[in-house]
Structure formats: structure tokens, C-alpha cells
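The next block holds one structure in the form of C-alpha cells; read it before the comments.
Protein chains: 2
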Amino acid sequence: MPNYNMPELIKRKRDGKSLSREEIVFWIDGYVKGVIPDYQVSALLMAIFIRGMEPREVADLTQIMMHSGETISLAGVDGVKIDKHSTGGVGDKVSFIVAPLVAACGVKAPMISGRGLGHTGGTLDKLESIPGFNVSLDSAEMRDVLQKTGMMICGQTADIVPADKKIYALRDITATVESLPLIASSIMSKKLALLTDGLVLDVKTGKGAFMQTEEDALALCRALVDIGNRAGRKTIGLITGMDQPLGRAVGNSLEIIESIQCLKNSGPADLMEVSLAVASAMLVAGEAVAHISEARSKIEDALQSGRALSVFRSFIEAQDGDPRVCDDYSLLPCSSVREDFSAASEGFIEAIDARSIGELCVEAGAGRRKIDDAIDYGAGFYFHKKVGDPVAAGESVVTIHIAGKEKIPFIKERLRAAITIGQSRVPSATMVRCFVDRDGKRPWPV
Amino acid sequence: MPNYNMPELIKRKRDGKSLSREEIVFWIDGYVKGVIPDYQVSALLMAIFIRGMEPREVADLTQIMMHSGETISLAGVDGVKIDKHSTGGVGDKVSFIVAPLVAACGVKAPMISGRGLGHTGGTLDKLESIPGFNVSLDSAEMRDVLQKTGMMICGQTADIVPADKKIYALRDITATVESLPLIASSIMSKKLALLTDGLVLDVKTGKGAFMQTEEDALALCRALVDIGNRAGRKTIGLITGMDQPLGRAVGNSLEIIESIQCLKNSGPADLMEVSLAVASAMLVAGEAVAHISEARSKIEDALQSGRALSVFRSFIEAQDGDPRVCDDYSLLPCSSVREDFSAASEGFIEAIDARSIGELCVEAGAGRRKIDDAIDYGAGFYFHKKVGDPVAAGESVVTIHIAGKEKIPFIKERLRAAITIGQSRVPSATMVRCFVDRDGKRPWPV
Numbered sequence: 146m147p148n149y150n151m152p153e154l155i156k157r158k159r160d161g162k163s164l165s166r167e168e169i170v171f172w173i174d175g176y177v178k179g180v181i182p183d184y185q186v187s188a189l190l191m192a193i194f195i196r197g198m199e200p201r202e203v204a205d206l207t208q209i210m211m212h213s214g215e216t217i218s219l220a221g222v223d224g225v226k227i228d229k230h231s232t233g234g235v236g237d238k239v240s241f242i243v244a245p246l247v248a249a250c251g252v253k254a255p256m257i258s259g260r261g262l263g264h265t266g267g268t269l270d271k272l273e274s275i276p277g278f279n280v281s282l283d284s285a286e287m288r289d290v291l292q293k294t295g296m297m298i299c300g301q302t303a304d305i306v307p308a309d310k311k312i313y314a315l316r317d318i319t320a321t322v323e324s325l326p327l328i329a330s331s332i333m334s335k336k337l338a339l340l341t342d343g344l345v346l347d348v349k350t351g352k353g354a355f356m357q358t359e360e361d362a363l364a365l366c367r368a369l370v371d372i373g374n375r376a377g378r379k380t381i382g383l384i385t386g387m388d389q390p391l392g393r394a395v396g397n398s399l400e401i402i403e404s405i406q407c408l409k410n411s412g413p414a415d416l417m418e419v420s421l422a423v424a425s426a427m428l429v430a431g432e433a434v435a436h437i438s439e440a441r442s443k444i445e446d447a448l449q450s451g452r453a454l455s456v457f458r459s460f461i462e463a464q465d466g467d468p469r470v471c472d473d474y475s476l477l478p479c480s481s482v483r484e485d486f487s488a489a490s491e492g493f494i495e496a497i498d499a500r501s502i503g504e505l506c507v508e509a510g511a512g513r514r515k516i517d518d519a520i521d522y523g524a525g526f527y528f529h530k531k532v533g534d535p536v537a538a539g540e541s542v543v544t545i546h547i548a549g550k551e552k553i554p555f556i557k558e559r560l561r562a563a564i565t566i567g568q569s570r571v572p573s574a575t576m577v578r579c580f581v582d583r584d585g586k587r588p589w590p591v
Numbered sequence: 146m147p148n149y150n151m152p153e154l155i156k157r158k159r160d161g162k163s164l165s166r167e168e169i170v171f172w173i174d175g176y177v178k179g180v181i182p183d184y185q186v187s188a189l190l191m192a193i194f195i196r197g198m199e200p201r202e203v204a205d206l207t208q209i210m211m212h213s214g215e216t217i218s219l220a221g222v223d224g225v226k227i228d229k230h231s232t233g234g235v236g237d238k239v240s241f242i243v244a245p246l247v248a249a250c251g252v253k254a255p256m257i258s259g260r261g262l263g264h265t266g267g268t269l270d271k272l273e274s275i276p277g278f279n280v281s282l283d284s285a286e287m288r289d290v291l292q293k294t295g296m297m298i299c300g301q302t303a304d305i306v307p308a309d310k311k312i313y314a315l316r317d318i319t320a321t322v323e324s325l326p327l328i329a330s331s332i333m334s335k336k337l338a339l340l341t342d343g344l345v346l347d348v349k350t351g352k353g354a355f356m357q358t359e360e361d362a363l364a365l366c367r368a369l370v371d372i373g374n375r376a377g378r379k380t381i382g383l384i385t386g387m388d389q390p391l392g393r394a395v396g397n398s399l400e401i402i403e404s405i406q407c408l409k410n411s412g413p414a415d416l417m418e419v420s421l422a423v424a425s426a427m428l429v430a431g432e433a434v435a436h437i438s439e440a441r442s443k444i445e446d447a448l449q450s451g452r453a454l455s456v457f458r459s460f461i462e463a464q465d466g467d468p469r470v471c472d473d474y475s476l477l478p479c480s481s482v483r484e485d486f487s488a489a490s491e492g493f494i495e496a497i498d499a500r501s502i503g504e505l506c507v508e509a510g511a512g513r514r515k516i517d518d519a520i521d522y523g524a525g526f527y528f529h530k531k532v533g534d535p536v537a538a539g540e541s542v543v544t545i546h547i548a549g550k551e552k553i554p555f556i557k558e559r560l561r562a563a564i565t566i567g568q569s570r571v572p573s574a575t576m577v578r579c580f581v582d583r584d585g586k587r588p589w590p591v
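Protein chains in written order, with the numbering used here: chain U, 146 to 591; chain V, 146 to 591.
Next comes the structure, spelled out in C-alpha cells:
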């Protein structure tokens with residue numbers, strides 16, 4: 146490899162030039178090995194932040210970061226494997242619904258997920274509310290569960306993408322977090338380390354999302370889709386709404402129950418709409434259908450026939466959980482106190498601030514403030530009313546599930562601020578705004 | 146002081162906002178104390194490099210850097226004290242001429258100078274070619290020499306501007322050197338640490354200068370003048386030419402001799418032109434005259450009367466040098482070998498590349514490549530011909546002064562490339578292009 150010089154390389158990016166693949170290898174490799182110091186990398190990150198990167202550079206950066214650590218092979222597992230990633234939202238339990246759906250249609254769905262911190266819940270925490278459930282699989286176990294059941298969801302055990310850990314820690318303290326190329330490469334380097342055939346990205350937009358405007362969400366979505374396709378993975382993105390919590394349930398076991406309800410074809414409309422769109426995109430990415438318009442009937446059949454629920458049962462069993470929770474929700478943790486928050490006056494629900502609800506969920510014990518906080522798996526909220534619904538004075542809007550009564554007055558006060566009741570009937574928003582494939586943005590539904 | 150947060154502060158500059166004085170105090174202070182790490186400062190420096198700083202910020206940065214270490218008081222020395230700084234050139238011995246001139250006109254001229262490294266010679270090295278001369282003065286000795294003789298030139302002994310040392314070392318390895326606000330604050334923080342009443346800045350432009358174009362030189366000059374005046378020092382700048390070496394002599398003792406010749410009113414025209422302009426500006430800055438146009442006759446008188454040369458003699462004596470060198474140049478070191486470089490053909494001198502001559506001077510032993518190289522004080526070049534002069538075939542253009550004959554063929558070959566002889570008579574360039582005071586750029590002569 147040619148011998149590059151770090152100040153020269155920083156200078157090139159500082160002056161708005163693009164870095165070659167070899168130059169990116171040089172600095173990522175040198176940084177991970179500790180031969181390039183933090184202070185040179187932070188200067189480079191700031192130059193990248195301000196000057197940007199072209200799509201080819203971002204794709205190279207992502208792949209080089211991915212190769213800085215272990216990757217997880219799925220070789221030996223039959224069929225096509227499609228991962229799914231969401232940029233995070235409140236009440237987002239889409240993974241539990243789409244994985245069984247697509248598995249029932251012949252596309253395998255392996256996912257490596259994380260725990261919750263702050264206002265968004267964690268997929269692993271939700272699964273751990275199922276008695277016995279094991280999220281710690283080594284790669285042989287991952288392949289085994291995936292082969293046997295068609296899906297698999299576990300935590301990160303292998304030392305994947307050490308470059309991202311080191312770079313992210315530095316970005317966090319040098320004001321270089323909110324950079325599209327750096328955000329996109331960080332997300333995708335971790336996703337691509339799981340060697341699937343393709344990937345579907347659910348990019349959330351709205352008040353409760355990381356990308357609040359649809360414009361920002363679309364820019365991120367395009368960047369992610371471009372990186373995936375340049376890496377040779379069939380990648381499709383969707384922009385979906387995250388203004389109010391998704392579905393009616395927010396909280397760990399409450400969300401597992403709601404997911405099972407969806408698999409029984411009796412889930413809330415907004416959650417079903419997003420789940421069917423994501424599952425359709427996964428079938429297209431997995432080439433189980435030629436076009437998104439053909440996916441719907443296959444998915445409906447997997448749902449109606451109960452095959453998707455069967456997949457979910459066998460998945461729980463394969464990861465040491467108690468599959469009887471699918472039939473008897475009382476086997477899941479539940480809170481001793483259930484208190485209704487009722488409407489003070491008649492009107493319509495105009496807004497439910499997703500971010501505030503996520504934060505209140507932590508307050509209720511369902512999430513973490515610090516990484517080692519304990520979780521109350523039964524705690525959370527169940528919304529009887531959602532945006533656009535009429536409500537009578539005194540009628541329950543949401544039930545609070547919590548372990549004790551002490552915090553209830555405080556939570557109610559905060560709910561009053563988070564839930565807007567007014568006189569105008571807000572039309573319910575379209576949940577799925579568009580989808581993005583390698584050819585660009587497309588309308589939804591197709 | 147309010148408690149600032151370094152990532153927030155970096156973010157503000159990253160987004161093109163300006164930093165308050167208190168914010169600059171926070172990071173300079175924290176960095177010098179070692180509580181703010183290199184990697185945060187390098188990210189901030191890159192943001193400053195790309196986003197720039199407004200004049201108020203640069204002035205604050207400079208003053209805060211200056212206050213990071215010791216300052217040198219001149220309290221107790223009578224009269225007004227005006228420093229002079231040059232951005233560096235080849236054959237630049239202006240300090241030795243202007244300090245006695247203005248001292249003879251009643252304005253005291255104290256200067257803290259450096260040694261040579263690379264293609265520009267060092268003021269201290271030139272002075273040390275005078276037998277016995279001492280450049281190491283403590284601040285009491287500085288005041289004493291200044292009070293007694295009206296001038297003083299010595300090296301930096303006190304721990305001035307530690308912030309600049311630390312920041313400069315970091316800039317050097319993070320591609321953040323060539324930034325106007327950072328260059329200007331680095332220069333001025335060190336100059337302002339000597340607590341004079343004012344300052345004259347000789348900003349060089351041309352092939353042998355740091356700022357090659359007049360536009361860049363003017364931008365730097367304006368920044369420096371603005372910083373000085375905002376710090377409450379009367380500051381004036383000049384843009385002067387540095388395409389060919391200044392004067393006829395390049396090399397340590399050769400330049401001392403030429404300076405004495407100037408003080409005897411028989412120096413070369415270009416050097417005299419620059420020296421008279423700089424001295425005039427110093428008299429204006431020191432308020433010895435109301436306007437530059439009034440300075441000339443005072444300076445001519447100091448020169449013609451021999452008072453300036455007397456000041457120089459007593460200055461040499463006060464700093465332990467042998468003042469008899471002013472009358473007997475053989476008391477100065479001289480090289481054993483003197484070899485002429487002659488014109489190969491008849492014509493006119495079209496160009497003498499100042500930078501190449503500076504580099505060849507190091508080759509001849511008169512300068513340093515590394516900081517601990519020994520210097521041959523007698524070595525250097527004496528130009529019989531300068532740009533615009535006619536020359537006959539075989540006529541000497543320059544005499545090489547050197548300790549041995551070995552390097553002569555190589556030096557001659559390089560001189561052939563550095564000195565252009567052609568058929569067109571290049572008009573001699575105006576040495577002083579303009580001056581810059583707090584009201585902006587002005588034409589010269591006034």
C-alpha cells in the first residue's frame with residue numbers, strides 16, 4: 146500500500162477534495178491500530194463534517210469500517226436472508242411482526258439489535274420480557290435458529306466494527322455527530338457486518354424521530370440505500386411517520402402482546418400499515434416477488450393462515466423463550482398498578498408527542514436513563530385513543546401501567562402536556578410516505 | 146466565569162457562529178492547563194480554518210494567547226517605544242537600520258527577534274557575528290539597554306505565549322497552519338507580549354516571501370494592523386517587495402556590514418527605500434511626527450549627522466559587542482574563499498530568485514537546516530548586479546563567500562538557475578507598495 150501522510154490527507158478533505166479508497170483504508174486502519182492519534186482524526190472528522198463526502202467515499206468508508214472487525218457469516222443457511230433496520234421510534238415493534246411474516250413467505254429474516262437508552266425502547270429488552278428468552282447467541286447459534294425457524298433476533302456478541310466504536314466516541318466529544326456521511330456510514334457498517342443478501346431500512350420522520358423533517362429523513366434514507374446497494378446488498382428504504390407512538394402499546398411486554406395481536410391480524414391500523422409495507426419491501430429485496438404490488442397477497446396469506454404466528458412461536462422456542470405467551474398473555478410480566486388518564490374535556494386527540502411519551506416510559510420504569518439501569522418489563526402505556534379519535538370528557542385516553550402509585554400524579558401532569566385535545570379533527574396521517582430503491586424515491590403505495 | 150462546554154463551543158464555530166471573549170478564554174486557558182485535550186482543540190482549529198473568525202474574535206484570541214504566559218514590561222524606560230516586525234525575507238537587515246534611525250529621532254526601538262531556520266536568515270544570528278555580542282538579556286537588562294541607547298534587540302528568554310507553542314505544534318500536524326486568523330494571532334500574540342506603545346509591521350510580498358501575492362500580503366497586513374490597534378497599540382503596516390534579495394548582501398556578517406553602510410548613508414537604493422519607509426512609519430506610530438510626510442527630513446538628518454550610526458555603536462557596546470566593527474569591518478568574521486559568479490552572456494538581470502538564494506545561503510554554511518546546526522558567520526553572497534542592471538559577458542554578478550572550495554561548482558550551477566539574464570531591461574520594482582493603518586490601505590509615498 147502506498148505510504149500516505151495524515152496531515153496531507155486532512156488537508157485534501159479540508160480543501161473539499163475527495164479521498165480515495167486507499168486513503169480511507171490508511172486512516173481507518175491506522176486509527177484502529179492506534180498509530181494515528183485522536184487529534185488528527187478529530188480534525189479530519191470536522192473537515193468531513195463541513196465539506197461532506199461524495200457517495201463513493203461514503204460507500205468506501207462504510208465498507209472499510211465494516212472490515213475493521215469481525216463479520217457474521219450466514220453461509221450454510223438455506224435461502225435468501227434479508228435484514229431490517231429502523232432508525233428508531235416510540236412504540237416501534239415492527240421487527241417482531243415483519244420477521245415472522247416474511248419468514249412465512251420464504252425469505253429468512255435475521256436481525257442484530259440493541260437495547261434501549263433514553264426515549265426509544267430496545268428490541269432486545271422487549272424480547273427479554275418473554276420468560277426465558279435468550280438474546281445472546283454466537284454465530285453458530287444464530288445460523289441454527291435462522292435455519293430452523295426462518296428468523297432470528299439477537300444482540301451483538303462478536304467484535305463487529307471496532308472502528309465505529311472508536312470513531313463514534315470521538316465524534317461525541319468533538320461536535321461531529323450530526324453529519325450525514327458519518328451517521329450513514331456508522332449505521333450501515335454495523336448492519337453490513339451481518340452478511341445478508343439484502344436490507345430494508347425503515348427511516349422514521351416526525352417529532353419523535355431522529356430526523357424530524359421528511360426532507361432530512363429522505364436524505365438519510367437515500368444515503369443508506371446507496372451505501373447498501375454499492376456494497377452489493379439489495380437495499381430498499383421506506384420513510385414512515387413517527388409523530389405519535391406507533392400502535393397503541395408502549396413498553397416492553399405490552400409491545401410483545403401488541404405484536405402477537407398483529408400476527409393474529411388484529412393489530413392497530415397504523416402499525417399494520419407500516420409492518421405490511423416493510424414486509425413487502427423485504428420480499429422484494431429477497432426477490433420472493435418481482436414487484437412490491439405482488440407482495441401484499443402473499444403477506445395477507447401468511448397472516449390469515451396463522452403461518453406467521455407459528456414462525457414467531459417457534460422463534461421464541463428456539464431462543465429458549467416460553468412460546469405459550471402467544472396464547473396466554475398473563476405469562477408475560479405485568480404491572481400491579483393500572484391507572485387511567487382521562488380527557489378533561491370533550492374533543493378530538495390532536496397530537497400525542499412521541500418523544501415525551503418515550504421519556505415518560507423511562508419515568509414509569511420501562512426504559513433506561515443509564516446503561517446499567519434495571520427495567521420494569523411490565524411498565525408502559527396503552528393508548529385507547531390516537532390522533533384523530535373523538536373523546537368524551539372523562540373518557541380514558543391512555544392506561545398507565547406501573548409498579549407503584551407514587552409517580553402517577555407527576556406522569557399524569559406530563560401526559561396532559563404531551564397529549565393535545567382540541568376541537569379540530571386532525572386527519573390521520575399516511576404512515577408510509579414513500580419508498581426509496583437504487584433508482585430513487587418512489588410513491589407509496591405502488 | 147460561566148462554565149462552558151467544549152463540544153458546544155466547537156459546534157458553534159463549526160456552524161459558522163462567532164465565539165465570545167469568554168468562550169475563547171475558556172478553551173485557551175483549558176488547553177494550556179491540559180484540561181482540554183488535543184483532539185477537541187484540533188476539531189475546533191479545523192472549524193476555525195474553514196469557517197474563519199471575525200476581526201473581534203481574532204483580536205480577542207490574540208490577547209488571550211498573549212496573556213497565557215509572561216509579558217515584558219518596559220515601564221521605567223523614558224519615552225515612547227515602538228517595536229518593528231517583518232514577516233521574513235532574504236537579505237532583510239532592516240531592523241539594524243531603522244532602530245538606530247528612529248532612536249536618533251527620539252522614539253525608542255525595542256525588538257525581540259529569532260534565529261534563522263531554512264531559507265530566511267535570523268536577526269540574532271546576524272548580530273552574533275559581531276564579536277562579543279550578547280543576545281540573551283533578561284527583562285531588566287532589556288530596559289537598561291533600551292533606556293541607555295534608545296534601541297535593543299535580543300532573543301526570547303521569558304516564557305512568553307505558551308498557548309502559541311502548544312497550538313502551533315498541533316496545527317502543524319493537523320493541516321491547520323495556513324489560516325489567516327490563526328497565522329495573525331500567532332504572530333501578534335508574541336509581538337504584543339513585549340509591552341510597547343506601538344508596532345510597525347513590514348509584510349513582505351513576492352517570490353521570496355511567505356505571502357507570495359500582494360493580495361494575500363494585504364489581507365495578512367490588515368489582520369495584523371487590526372489586531373494591534375484593537376489591543377490599544379498604535380499599529381501601522383507596510384507591504385514591501387521580496388522578489389529578489391533585499392540589498393546586495395546576504396549572510397550574517399555581510400549583512401551587518403551593509404547595515405553599517407546604510408547608517409553611513411551609502412547603502413543600496415532598495416534597502417534604503419524600505420528602511421526609510423519603515424522608520425517613517427515608526428515615527429508616526431510613536432507620534433514623533435504628525436504625518437508620514439513629515440518623517441523624511443527628521444530621518445535624513447539623523448542619518449546625515451551620523452547620530453544614527455552613533456546609536457548603533459552604543460547599542461553594540463551595551464550588548465557586549467565590539468563597536469569598532471562600525472569602522473573596521475575586518476574585525477567581523479569573513480570567509481577565506483571568495484569566488485565570483487559571472488554572467489555567461491551579455492544582457493540584463495531579469496530576476497534573482499530570493500528563495501533560491503536563501504536556500505543556497507544555507508548550502509554555503511550561513512544558515513541552518515536543523516535547529517542545532519552551526520553557522521559560518523562569514524559565509525554568504527554579495528550581489529554586484531541586481532534586477533534591471535545591464536551585465537557584460539564574463540562580468541561578475543555575485544561574489545560567493547564560503548569557507549572551502551568543494552561546494553562552489555554546485556552553488557554556481559544553482560546560481561545559474563536562480564539568476565535570469567535576458568535581453569529585456571526589467572524596470573526596477575517599487576519596493577514599498579502601500580501602507581496600512583487603522584483607517585485602511587493608503588498609497589505610498591504619501
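Every residue, glycine too, gets a C-beta built ideally from N, C-alpha and C.
- For residue 321 of chain U, the neighbours in chain V by C-beta distance under 7 angstroms run, in chain order, 188.
- In the displayed model, residue 498 of chain U falls within coil according to three-state DSSP, outside both helix and strand.
- Residue contact check for residue 192 of chain U against chain V: a CB pair falls below 8 angstroms.
- Annotation for residue 188 of chain U: the continuous alpha helix (DSSP H) segment containing it runs 183-196.
- Measuring C-alpha to C-alpha distances from residue 395 of chain U to each of U/531, U/328 and U/232 identifies U/531 as the nearest.
- Within the same chain, Cβ atoms closer than 7 angstroms to the Cβ of residue 379 of chain V are found at 342, 343 and 430, the five residues on either side in sequence being excluded.
- Between residue 510 of chain U and residue 545 of chain U, the CB-CB gap reaches or exceeds 8 angstroms.
- Here DSSP, grouped into helix, strand and coil, assigns residue 322 of chain U to coil.
- Against chain V, the beta carbon of residue 156 of chain U has neighbours under 8 angstroms at 320, listed in chain order.
- In the structure shown, the three-state DSSP call for residue 178 of chain V is helix.
- In the assembly as shown, residue 237 of chain U is a buried residue. Its beta-carbon has 16 or more other beta-carbons within 10 Å.
- In the DSSP assignment, residue 278 of chain V falls outside any beta strand (DSSP E) and carries neither an H nor an E.
- Judged by beta-carbon spacing, residue 288 of chain U lies within the 8 angstroms limit of residue 222 of chain U, meaning their Cβ atoms are closer than that value.
- Between the C-alpha atoms of residue 295 of chain U and residue 338 of chain U there is a straight-line separation of about 19 angstroms.
- Excluding the 5 residues flanking it on each side, residue 364 of chain V has same chain C-beta neighbours closer than 7 angstroms at 325, in chain order.
- The Cβ atoms of residue 399 of chain U and residue 527 of chain U lie closer than 8 angstroms to each other.
- Taking 8 angstroms as the upper bound for CB-CB distance, residue 368 of chain U and residue 384 of chain U are not in contact here, some 13 angstroms apart.
- Collapsing the DSSP output to three states places residue 479 of chain V in coil.
- Shortest Cα-Cα distance from residue 478 of chain U to any of U/401, U/444, U/381 and U/336 involves U/401.
- Around the beta carbon of residue 351 of chain U, 16 or more other beta carbons sit within 10 angstroms, so the residue counts as buried.
- Against chain U, the beta carbon of residue 390 of chain V has no neighbour under 7 angstroms; the closest one sits roughly 31 angstroms away.
- In this structure, V/274 is the residue among V/533, V/372 and V/274 with its C-alpha nearest to the C-alpha of residue 480 of chain V.
- Taking a Cβ-Cβ cut-off of 7 angstroms, the neighbours of residue 159 of chain U in chain V comprise 191, 194, 195 and 320, given in sequence order.
- DSSP, read as helix, strand or coil, puts residue 540 of chain U in coil.
- Within 8 angstroms of the CB of residue 315 of chain U, the CB atoms of chain V belong to 184, in sequence order along the chain.
- A straight-line Cα-Cα distance of about 14 angstroms links residue 276 of chain U and residue 520 of chain U.
- With fewer than 16 other Cβ atoms inside 10 Å of its own Cβ, residue 283 of chain U counts as exposed.
- Sixteen is the threshold: when 16 or more other Cβ atoms of the shown chains lie within 10 Å of the Cβ of residue 397 of chain V, as they do, the residue is buried.
- Taking a beta-carbon distance threshold of 8 angstroms, residue 152 of chain V counts as an interface residue toward chain U.
- Taking 4 residues as the minimum length, the alpha helix (DSSP H) runs contained wholly in the region 194-282 of chain V are 200-211, 239-249 and 268-273, in order along the chain.
- Per DSSP, residue 422 of chain U has no beta-bridge partner at all.
- 8 angstroms or more divides the Cβ of residue 580 of chain U from the Cβ of residue 570 of chain U.
- Shown here for residue 514 of chain V: same chain residues with a beta carbon closer than 7 angstroms to its own, the five before and five after excluded, namely 507 in chain order.
- Relative to residue 161 of chain V, the option among V/199, V/186 and V/176 whose CA is nearest is V/199.
- Measuring C-alpha to C-alpha distances from residue 414 of chain V to each of V/575, V/226 and V/153 identifies V/575 as the nearest.
- Exposure of residue 555 of chain U is indicated by the presence of fewer than 16 other C-beta atoms within 10 angstroms of its C-beta.
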